[in-house]
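There are 2 protein chains.
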Amino acid sequence: MIERLCVIGVGLIGGSFALALKHAGQVKHVVGCGRNEANLQRAIELGVIDEYQLDPAVAVQQADVVFIATPLGAMEKVFAAIKNTVPAHAIITDAGSSKQSVIAAARAVWGELPVNFVPAHPIAGRENSGVEAAVVALFNAHRVILTPVASTNPQAVATLSALWVAVGAIVVQMDAEHHDEVLAATSHLPHVLAYALVDMLAKMDDRREIFTYAAGGFRDFTRIAASDPVMWRDICLGNQEDILVLLDQFIDDLARLRQKVAGKDATGLLQIFQRARAAKLRTLDDSRKDQQ
Amino acid sequence: MIERLCVIGVGLIGGSFALALKHAGQVKHVVGCGRNEANLQRAIELGVIDEYQLDPAVAVQQADVVFIATPLGAMEKVFAAIKNTVPAHAIITDAGSSKQSVIAAARAVWGELPVNFVPAHPIAGRENSGVEAAVVALFNAHRVILTPVASTNPQAVATLSALWVAVGAIVVQMDAEHHDEVLAATSHLPHVLAYALVDMLAKMDDRREIFTYAAGGFRDFTRIAASDPVMWRDICLGNQEDILVLLDQFIDDLARLRQKVAGKDATGLLQIFQRARAAKLRTLDDSRKDQQ
Numbered sequence: 458m459i460e461r462l463c464v465i466g467v468g469l470i471g472g473s474f475a476l477a478l479k480h481a482g483q484v485k486h487v488v489g490c491g492r493n494e495a496n497l498q499r500a501i502e503l504g505v506i507d508e509y510q511l512d513p514a515v516a517v518q519q520a521d522v523v524f525i526a527t528p529l530g531a532m533e534k535v536f537a538a539i540k541n542t543v544p545a546h547a548i549i550t551d552a553g554s555s556k557q558s559v560i561a562a563a564r565a566v567w568g569e570l571p572v573n574f575v576p577a578h579p580i581a582g583r584e585n586s587g588v589e590a591a592v593v594a595l596f597n598a599h600r601v602i603l604t605p606v607a608s609t610n611p612q613a614v615a616t617l618s619a620l621w622v623a624v625g626a627i628v629v630q631m632d633a634e635h636h637d638e639v640l641a642a643t644s645h646l647p648h649v650l651a652y653a654l655v656d657m658l659a660k661m662d663d664r665r666e667i668f669t670y671a672a673g674g675f676r677d678f679t680r681i682a683a684s685d686p687v688m689w690r691d692i693c694l695g696n697q698e699d700i701l702v703l704l705d706q707f708i709d710d711l712a713r714l715r716q717k718v719a720g721k722d723a724t725g726l727l728q729i730f731q732r733a734r735a736a737k738l739r740t741l742d743d744s745r746k747d748q749q
Numbered sequence: 458m459i460e461r462l463c464v465i466g467v468g469l470i471g472g473s474f475a476l477a478l479k480h481a482g483q484v485k486h487v488v489g490c491g492r493n494e495a496n497l498q499r500a501i502e503l504g505v506i507d508e509y510q511l512d513p514a515v516a517v518q519q520a521d522v523v524f525i526a527t528p529l530g531a532m533e534k535v536f537a538a539i540k541n542t543v544p545a546h547a548i549i550t551d552a553g554s555s556k557q558s559v560i561a562a563a564r565a566v567w568g569e570l571p572v573n574f575v576p577a578h579p580i581a582g583r584e585n586s587g588v589e590a591a592v593v594a595l596f597n598a599h600r601v602i603l604t605p606v607a608s609t610n611p612q613a614v615a616t617l618s619a620l621w622v623a624v625g626a627i628v629v630q631m632d633a634e635h636h637d638e639v640l641a642a643t644s645h646l647p648h649v650l651a652y653a654l655v656d657m658l659a660k661m662d663d664r665r666e667i668f669t670y671a672a673g674g675f676r677d678f679t680r681i682a683a684s685d686p687v688m689w690r691d692i693c694l695g696n697q698e699d700i701l702v703l704l705d706q707f708i709d710d711l712a713r714l715r716q717k718v719a720g721k722d723a724t725g726l727l728q729i730f731q732r733a734r735a736a737k738l739r740t741l742d743d744s745r746k747d748q749q
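Going line by line, the protein sequences match chains A and B. This note's numbering puts the first residue of the first sequence at 458, with every later residue one more than the last. This note's numbering puts the first residue of the second sequence at 458, with every later residue one more than the last.
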């Protein structure tokens, strides 16, 4: 049981974490912190937090766990703001979608990563953002990746893991470099492509009609593109290198596929489509095995 | 009430059309036709069709409506096979995802489009294919686009429209050129991108792990890439020109976005993401208005 949890950035992720921990009986008192006072008042009304502070330096005082769920671009400022007041025993963690950039930001402020800082990334989200979208079950059966460094206190990792498990998440550990590579492929690149497609079609003359006839394919893309733009801008900057590698590879692959369409290369096109489908189906089989 | 419906290509679309018409009491007898006899026997067991013929020339005899739901690449052969035996009064229609190529294939066989041929495209589908996936409600509340030409018999269009309405579809008419432009944007390009992404990631070393950590974004892409590869090969060839125009534009746009990531252009990235999100939300508003 945590006596005092401080959530900095009370939106979908921060709010859901607080709600889920309360629901699981894992926390006594939640202090919310953010720049938008109306949002924090709403969070109190919704029972997500018990009190709020506008100043992070004040919010973290006496906290046992500090959960930072702001966009990536705000993290270094938050670290600097809490540096002198966060209790030494407090576990500090975050929900950033790229981990090397968070670790770099923390090192820029503290010199070394504080031993009780456990960088983390819950792989959960939806197209709605803000505290109104927060729900108890957001992390249920979702993976949370922890990326501690060599100097991280194992006890802090264990305590944080237990909290995530208590809210139904599946906890995995890997190093930050590997996290960033995998997430660039599974999340960052797909989001960039979805944004690029929706933006391109939105600029076309028959935009209204195109969105009306959105068939299966495009509907999925538009759903993705409804995600929070600031969050995704920060992810593109935070995980820039890994995203660039994959973007370049994808542009090359797409140019090759374009040549197959232009050349009416029926065999070449079928090969790509069959390979992709087989990979998808093979993975379905694998994940069924995992669940057994 | 149709006395005799002939479905050529008894898969997801052909099977669901037959099932839905039966369920709506709109058809007495359904003849299925295809190359795979085991599939046709299964279609009888499932109550989708009442009898089957392996030869299209025989299957269409005495039919009142002929529904062709094969992949696009097979249509010209089917047209040639039925040309001499399809009754003059029978309405011929199809479910092809590109319409100019279907009309061209029909003209190649008949010289002119038969007056009772109504090219059509039901905008419905799922990642599962085959008659086992056929369901009564597949077209319910989905759009069906009819693309008659100037010489098409208006009575045939009216009769076919009524059938689609009877199975719950929303019928829309436009010319084939416009259909192909709109569908290239809303369906064909998104599918091509999804296939390209899944294929690229499937070739990477940590494939297994990448598919395991598939977050929201990528899961949607893999779902799309599970569609029937032959169908999509044929669509790429059938709607080649419109797809190429959009693919080229997308590759250009993506290269520009890549430069913004490489240059850490926070403002430029945010603009793209905000514009895409706004387009998506604006369309949501529009479609809510449509439903009122």
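For each residue, glycine too, the CB sits at the ideal point set by N, CA and C. For clarity, every value in this text was computed on a predicted model and none was experimentally measured.
With distances taken between CB atoms, is the gap from residue i to residue j smaller than 7 Å?
i, j, result
"Ala-459 of chain B", "Asp-507 of chain B", "Residue 459 of chain B is actually Ile in this sequence, not Ala. Contact flag unset, no."
"Lys-556 of chain B", "His-636 of chain B", "yes"
"Leu-497 of chain A", "Gly-504 of chain A", "no"
"Gly-468 of chain B", "Gly-582 of chain B", "no"
"Asp-685 of chain A", "Ala-733 of chain B", "no"
"Ala-481 of chain A", "Val-624 of chain A", "yes"
"Asn-675 of chain A", "Ala-651 of chain A", "This sequence places Phe at residue 675 of chain A; Asn is not what is there. The answer is no: Cβ separation not under 7 Å."
"Ile-560 of chain A", "Val-523 of chain A", "no"
"Val-572 of chain A", "Thr-542 of chain A", "no"
"Arg-680 of chain B", "Glu-584 of chain B", "yes"
"Ala-562 of chain A", "Gly-466 of chain A", "no"
"Arg-713 of chain B", "Leu-704 of chain A", "no"
"Ser-558 of chain A", "Gly-695 of chain A", "yes"
Check the Cβ of residue i against every Cβ in chain A and list those closer than 8 Å, keeping chain order.
i, result
"Gln-706 of chain B", "Met-657"
"Asp-521 of chain B", "Near Asp-521 of chain B there are no residues of chain A at all, since even the closest Cβ is about 29 Å away, more than 8 Å."
"Lys-721 of chain B", "Leu-694 and Gln-697"
"Glu-666 of chain B", "Val-639"
"Arg-715 of chain B", "Leu-701, Leu-704, Asp-705 and Ile-708"
Can you pull the chain B neighbours of residue i, defined as C-beta to C-beta under 8 Å?
i, result
"Met-661 of chain A", "Ala-642"
"Asp-710 of chain A", "Ala-653, Asp-656 and Met-657"
Kindly indicate which residue of the options has the alpha-carbon position closest to the one of residue i.
i, options, result
"His-486 of chain B", "B:Phe-474, B:Ile-602, B:Ala-598 and B:Asp-656", "B:Phe-474"
"Trp-567 of chain A", "A:Asp-699, A:Leu-620 and A:Phe-536", "A:Phe-536"
"Gln-706 of chain B", "A:Ala-653, A:Ile-700, A:Ile-525 and A:Thr-527", "A:Ala-653"
"Thr-609 of chain A", "A:Thr-527, A:Glu-569, A:Leu-727 and A:Leu-476", "A:Glu-569"
"Val-649 of chain B", "B:Ile-501, B:Gln-483, B:Arg-564 and B:Ile-708", "B:Ile-708"
"Cys-693 of chain B", "B:Arg-564, B:Ile-470, B:Ala-495 and B:Gly-530", "B:Gly-530"
"Ala-683 of chain B", "A:Ala-594, A:Thr-616 and A:Lys-737", "A:Lys-737"
"His-669 of chain B", "A:Val-687, A:Met-688 and A:Ala-642", "Here the sequence assigns Thr to residue 669 of chain B, which means His is not the residue at that position. Among A:Val-687, A:Met-688 and A:Ala-642, the Cα nearest to that of Thr-669 of chain B belongs to A:Ala-642."
"Leu-462 of chain B", "B:Tyr-509, B:Pro-528 and B:Glu-494", "B:Tyr-509"
"Val-484 of chain A", "A:Ala-495, A:Asn-493, A:Glu-494 and A:Val-464", "A:Val-464"
"His-546 of chain A", "A:Ala-613, A:Ser-558 and A:Val-606", "A:Ala-613"
"Val-592 of chain A", "A:Ala-723, A:Leu-726 and A:Leu-478", "A:Leu-478"
"Leu-476 of chain A", "A:Leu-711, A:Pro-513, A:Glu-502 and A:Val-702", "A:Glu-502"
"Glu-698 of chain A", "B:Val-718, B:Asp-710 and B:Ser-558", "B:Val-718"
"Asn-597 of chain B", "B:Leu-620, B:Leu-603 and B:Thr-604", "B:Leu-620"
"Ala-633 of chain A", "A:Pro-605, A:Pro-611 and A:Leu-658", "A:Pro-605"
"Gln-731 of chain A", "B:His-599, B:Trp-689 and B:Gly-720", "B:Trp-689"
"Arg-564 of chain A", "A:Val-601, A:Ala-723 and A:Lys-540", "A:Lys-540"
Please list, in chain order, the chain A residues whose beta carbon lies closer than 7 Å to that of residue i.
i, result
"Pro-647 of chain B", "Leu-654, Gly-674, Phe-675 and Phe-678"
"Lys-737 of chain B", "Val-655, Thr-679, Ala-682 and Ala-683"
"Ala-750 of chain B", "This structure cannot settle anything about residue 750 of chain B, because the visible part of chain B is limited to 458 through 749."
"Arg-600 of chain B", "Tyr-670"
Check the Cβ of residue i against every Cβ in chain B and list those closer than 7 Å, keeping chain order.
i, result
"Phe-730 of chain A", "Tyr-652, Pro-686, Trp-689 and Arg-690"
"Leu-437 of chain A", "With chain A running from 458 to 749 in the structure shown, residue 437 of chain A is simply not present."
For residue i, return the contacting residues in chain A, with the cut-off set at a CB-CB distance below 9 Å.
i, result
"Lys-556 of chain B", "The premise fails here: Lys-556 of chain B is roughly 13 Å from chain A at the closest Cβ pair, so nothing lies under 9 Å."
"Ala-565 of chain B", "Within 9 Å Cβ-Cβ: nothing; Ala-565 of chain B doesn't reach chain A, min ~16 Å."
"Ile-627 of chain B", "Simply none; closest approach about 11 Å."
Taking 7 Å as the CB-CB limit, is residue i close to chain E?
i, result
"Lys-540 of chain A", "The chain labelled as chain E is not found among the protein chains of the depicted structure, namely A and B."
Thinking residue i and residue j are a contact (beta carbons under 8 Å), I'd like their distance in whole angstroms, please.
i, j, result
"Ile-729 of chain A", "His-645 of chain A", "Not a contact, Cβ separation roughly 22 Å."
"Leu-727 of chain A", "Val-639 of chain B", "No, Leu-727 of chain A and Val-639 of chain B are not in contact; Cβ-Cβ is about 25 Å, not under 8 Å."
"Pro-528 of chain B", "Asp-691 of chain B", "5 Å"
"Glu-494 of chain A", "Leu-511 of chain A", "6 Å"
"Leu-595 of chain B", "Ser-618 of chain B", "Not a contact, Cβ separation roughly 18 Å."
Can you pull the chain B residues whose beta carbon is under 9 Å from the beta carbon of residue i, in chain order?
i, result
"Val-718 of chain A", "Val-649, Cys-693, Leu-694, Gln-697, Ile-700, Leu-701 and Leu-704"
Taking contact to mean at least 3 C-beta pairs separated by less than 8 Å, is the stretch 565-576 of chain A in contact with the stretch 536-554 of chain A?
yes
Across the stretch 625-633 of chain A and the stretch 651-670 of chain A, are there enough close Cβ pairs to call them in contact, namely three or more that are closer than 8 Å?
no
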